[in-house]
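Notes follow once the structure below has been shown.
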Amino acid sequence: MKKSLLYLLFLSVAFFSCENSDDTLFEETADTRLNAALASYEKQLVEAPYGWNAVIYPEGGGSFGFYFKFNNQNRVVMYSDFSDASAATAKESSYRLKALQTPSLIFDTYSYLHILSDPDEEVNGGVRGEGLKSDFEFSIFPDSVKAESISLVGRKNQSRLVLTKATEAQATAFTGGALAKALLFNNISKYQPYFKRITLGATTYEITVNSLERIIKLTWLAGTTPKTFTTKYYFNSTGLVLDSPLVNGSQTITGFNNFTWNANTIQLGLSGGGVSGVVVSAIKPIAVDLGASKRWWQKPIDSGGEWRTSDAFHVNGVDDAFGVKDLKFEDEEYAFYVYQPGVNAKYDLFAPVFYSQAEDALSLQYGHAPAVPNFVSDGRVIFSRWGTLGPVPTTGPAANSANLLYDTSGFYLIQTSDDTYDMVSAKDAKAWISWQ
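Under mature numbering (1 follows the signal peptide of the UniProt record, and there is no 0), residues -21 to -1, 1 to 415 are what the sequence shown spells out, in order.
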C-alpha cells in the first residue's frame, strides 16, 4: 500500500513537472489554431469549383436535397428539393464560419435551408413552434472533413448535413432545371386511388410515399410471399435517390429518374433498376398487412396518446375534402382532428380539436363516438356508430367526416413509418386519412 501510494505520488510529481516544463507543445495559441481551421474550412467550401451536393436529415425526420455554391464574399447560392419553386429558382443568402465552442458553419440570413426550421407549421408541415426540427447552424469536427466531403451536425437539433463535391455535369444540371424535373415524381400524389404500382422488369412494385417524412415503401410479391422495403429518399440533379438501395435478387434500385408526366391522362413514367415503366393505380393493396389495423388501434392505448391529422379525409384527389380546417367553435379555431382508441370499453373518440387564443389552450367541444372497431380477418377495420358527445353538428365537415368513417366497406391501414399510418377506404381507395 505504501509502495503504491509513493508510486502514484511520483507519477503525479513527474506529470506536474512535465506540464510546467513543456511550454512549447503548441507553437501557436489556441485562437490562432482555431482561426487557421476556420480559414481552411472556408477555403475548402469556396474552392470547390462546381459547388456542393448536400443532403440534410432533420431531427424531426425526412431527408432533403440541396445544392450549394459558396463564394469568398460570405455569400451562398442554393437550390432545394423542398418545393417546385426552390428547385427551379436559385436563392442567394449569406453564410459565415465562426467559433462557437466548435468551428461552425452558419447560414445567417433566411434561405431555403431555414424553411425546414420555420416554427410556422403552415410553412413546412411540421410541428407548431418547431417546424421539422432542422438546423441552420452546424458544428464542424475535424475527423468528418474529407477531401471530397464534409459531414456537419446541427447545433440545436443535431440534424445531419452531408456535403459532397459536385461535378461540372451536376452543377450544370442544377442550374439547368434538373432538380425541378426530378420533382415530377411528386405528381404521383395526383392519382385518385391511393394504391400505385409499377412494373420494372419482372417485378411489380407497389409504391407508398410519405412525402412529409420523405419515406418511400416498396412492396412486392416473391411468389406468394409479400416483401417490403422502406427507406428515406431525397432528390438531386439526377432524380429521386433512395437513402439505401433496394436489392431484389439480380435487380438493384438506387433511385428513380427519367420522369415523364402526362397531366391529361394522369400518368407518371419513370426508370429504376435500369428499366422503365409507367405507374398505374389499384384499389387494393398488392399484399394486405393483416395485422396493421389492430396495431394502429392498439398503439395509442399502449402509449397513452392518440392519432392526429390536419386535413382529415382526402377524397377524390382533394385534400381536406370536407373543409374541416374551416371549423370553428365560438371564438376557438380548428387545430387538428383526433382519433383516440379505447376511451372506454364501449367506444373511441373521433373529433375536431380547437385552439383558444385567449387561453392559449386546446379543447374538445364535441365529437363522434365510434364503437370499438371490428377487425376483419382480411385486414380491414370497420367502424360503426355508437353515439355522439357534446353538441355535434348534424351537417357540415364534422358530420360528413363521420359519415365516411362509418362506411360499411371499412378501411385498410397502411403503415408508412414507425409512427404514421394511412387509413384507406376499402370501397375504392379514393378516400383516406393520414394519421400521425
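Glycine included, each C-beta is placed from N, C-alpha and C at the ideal position.
- Judged by their CB atoms, THR367 and ALA348 are nearer to each other than the 9 Å cut-off.
- In the three-state reduction of the DSSP assignment, TYR46 falls in the strand class, which pools E and B.
- DSSP lists no beta-bridge partner residue for PHE120.
- Relative to the Cα of TRP276, the nearest Cα in the group ILE167, PHE390, LEU383, LYS22 belongs to PHE390.
- The count of Cβ pairs closer than 8 Å, one atom from the stretch 197 to 217 and one from the stretch 294 to 301, stays below three, leaving the stretches out of contact.
- The distance from the Cβ of VAL317 to that of VAL332 is about 5 Å, consistent with a contact at the 8 Å cut-off.
- Linking PRO320 to GLY40 through their CA atoms gives a straight-line distance of about 25 Å.
- Unbroken alpha helix (DSSP H) stretches of 4 residues or longer found wholly inside the stretch 147 to 212: 147 to 154, 157 to 161, given in chain order.
- Residue state for TYR91 is assigned as helix, using DSSP reduced to three classes.
- Scanning the stretch 14 to 76 for uninterrupted alpha helix (DSSP H) segments of 4 residues or longer gives 63 to 67, listed from N- to C-terminal end.
- Counting only residues of its own chain and dropping the five nearest sequence neighbours on each side, THR88 has a CB closer than 8 Å to the CB of SER72, SER73.
- Classified as buried, LYS48 has 16 or more neighbouring CB atoms from the shown chains inside 10 Å of its CB.
- Boundaries of the beta strand (DSSP E) around LYS144: 139 to 144.
- Contact between VAL303 and TYR326 does not hold, since their C-beta atoms are separated by about 21 Å, which reaches or exceeds 8 Å.
- With the rule of 3 Cβ pairs closer than 8 Å, the stretch 146 to 162 counts as touching the stretch 62 to 81.
- Bridge pairing for GLY252: absent [DSSP].
- It is roughly 6 Å from the alpha-carbon of TYR29 to the alpha-carbon of THR146.
- Excluding its 5 nearest sequence neighbours in each direction, GLY369 has C-beta neighbours in its own chain below 7 Å: GLN344, TYR345, GLY346, listed in chain order.
- Boundaries cannot be given for ILE245, as no alpha helix (DSSP H) includes it and DSSP labels it neither H nor E.
- The beta carbon of GLY104 sits closer than 7 Å to the beta carbons of LEU191 from its chain, once the five residues preceding and following it are set aside; these are given in chain order.
- Leaving aside the five residues that flank VAL56 on each side, the residues in its chain whose CB is nearer than 6 Å to its CB run, in chain order, LYS48, ALA69, GLU71.
- Distance check between THR178 and each of MET402, ASN237, VAL258 places VAL258 closest, using alpha-carbon atoms only.
- Ranked by Cα distance from HIS93, the first of GLU21, ASP114, PHE308 is ASP114.
- ALA150 and ASP401 have their C-alpha atoms some 37 Å from each other.
- Looking at the backbone, the Cα of LYS263 and that of SER335 are separated by about 41 Å.
- Per DSSP, ARG274 is one residue of the alpha helix (DSSP H) stretching across 271 to 282.
- Using a 10 angstroms sphere on the CB of LEU341, the tally of other CB atoms stays under 16, which defines it as exposed.
- Scanning VAL226, THR239, LEU200 for the CA closest to the CA of GLY218 turns up THR239.
- Per DSSP, the continuous alpha helix (DSSP H) segment holding GLU101 begins and ends at 100 to 103.
- No residue range can be given for ASN295, since it is assigned to no beta strand (DSSP E) and is classified by DSSP as neither H nor E.
- For ALA378, the enclosing alpha helix (DSSP H) starts and ends at 376 to 384.
- Its chain contains LEU225, GLY251, GLY252 as the residues whose beta carbon lies nearer than 6 Å to that of ILE232, once the 5 sequence neighbours on both sides are disregarded; these appear in chain order.
- DSSP places ARG107 in the coil class of the three-state scheme, outside both helix and strand.
- In the DSSP assignment, PHE329 falls within the beta strand (DSSP E) that extends over 328 to 335.
- In the three-state DSSP reduction, VAL371 falls in the coil class, being neither helix nor strand.
- Where PHE315 is concerned, the enclosing beta strand (DSSP E) starts and stops at 311 to 319.
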